[in-house]
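Novice: Next up is a structure, given as structure tokens.
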Amino acid sequence: MSNQAFPAIINPRKWAEKGFSWSGELPLSHFARLCESLQGSEGAVKAQLQFGVDEEGLRYMRGQLQTQVTLICQRCLTPVVKTLETELSMGMAWHDEAAAALPSYYDPMIVSEEQVELLPVLEDELILALPLVAMHDDCEVQTEFGEPVQSEVDERPASNPFAVLAQLKK
Ligand SMILES: [Zn+2]
1 MSNQAFPAII
11 NPRKWAEKGF
21 SWSGELPLSH
31 FARLCESLQG
41 SEGAVKAQLQ
51 FGVDEEGLRY
61 MRGQLQTQVT
71 LICQRCLTPV
81 VKTLETELSM
91 GMAWHDEAAA
101 ALPSYYDPMI
111 VSEEQVELLP
121 VLEDELILAL
131 PLVAMHDDCE
141 VQTEFGEPVQ
151 SEVDERPASN
161 PFAVLAQLKK
């Protein structure tokens, strides 16, 4: 099943029992929900997926996802490119209760029907891998005038009304 077209809909349990795997690239633009948080949707997601049944008889999907995304730096407010990389280790469960009983090294993958859309499952994992706050490794806070902001600024009153009055009197 390697290097074939991406399987949009799979039967995860059957894939686990057969030990199927899939690897390939998916356009980032296919991940519409993820792209809502991004600046642009160019690029590709590299995916490597391995299905199987472990020693305890639990069906799993393991693998890796990797892509590069453009976010807005929360410090200088310009685009910053970040690598998203996430390791998948998902145990299949029919419902929430069974999911709660999975060993802690598995993230639950609720598979309540035979057929599952694979892409949204991968997309959820990528969204979870997004940094809470994206920043360049090295940049400075910019004001609209392009000058670094002093840290004390926040503690001062926004403006001094008497200063405005003084200006008017001149
Ligand atoms: Zn920055």
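Each residue of the sequence shown is one higher than the one before, counting from 1 in the working numbering. All C-beta atoms in this analysis are idealised placements derived from N, C-alpha and C, irrespective of residue type, glycine included.
Tell whether a beta-carbon distance below 8 angstroms holds between A93 and V111.
Specialist: Contact flag set, yes.
Novice: For my contact list, F51 and S21 are in at a C-beta cut-off of 8 angstroms; report their separation, rounded to the angstrom.
Specialist: About 7 angstroms separates the two Cβ atoms, so the contact holds.
Novice: Output the boundary residues of the beta strand (DSSP E) element that contains L84.
Specialist: Here the beta strand (DSSP E) through L84 covers P79 to A93.
Novice: What residue does the beta strand (DSSP E) around V69 start on, and which one ends it?
Specialist: Note, V69: beta strand (DSSP E), R59 to I72.
Novice: Which value, in whole angstroms, describes the spacing of the CA atoms of R13 and K46?
Specialist: Cα to Cα, the separation comes out at about 23 angstroms.
Novice: Starting from R141 and walking both ways along the alpha helix (DSSP H), at which residues does that stretch end?
Specialist: The amino acid at residue 141 is misidentified as Arg; the sequence shows Val. First-last for V141: undefined, no H or E at that position.
Novice: Which of the three DSSP states is assigned to S21 in this structure?
Specialist: S21 falls in the strand class under three-state DSSP.
Novice: Which stretch, first to last residue, makes up the beta strand (DSSP E) that contains V174?
Specialist: This structure gives no information on residue 174, because the portion of the chain shown stretches from 1 to 170.
Novice: Could you spell out the range, first to last residue, of the beta strand (DSSP E) harbouring D54?
Specialist: No beta strand (DSSP E) holds D54; DSSP gives it neither H nor E.
Novice: Sorted by chain position, which residues of the same chain lie with C-beta nearer than 8 angstroms to Y106's C-beta, five sequence neighbours on each side aside?
Specialist: Result list for Y106: L58, Y60, S89, M90 and G91, in chain order.
Novice: Work out the CA separation of A101 and S41 for me, nearest whole Å.
Specialist: Whole-angstrom Cα-Cα distance: 37 angstroms.
Novice: Secondary structure at K14, three-state DSSP: helix, strand or coil?
Specialist: The answer is helix: DSSP assigns K14 an H, G or I state.
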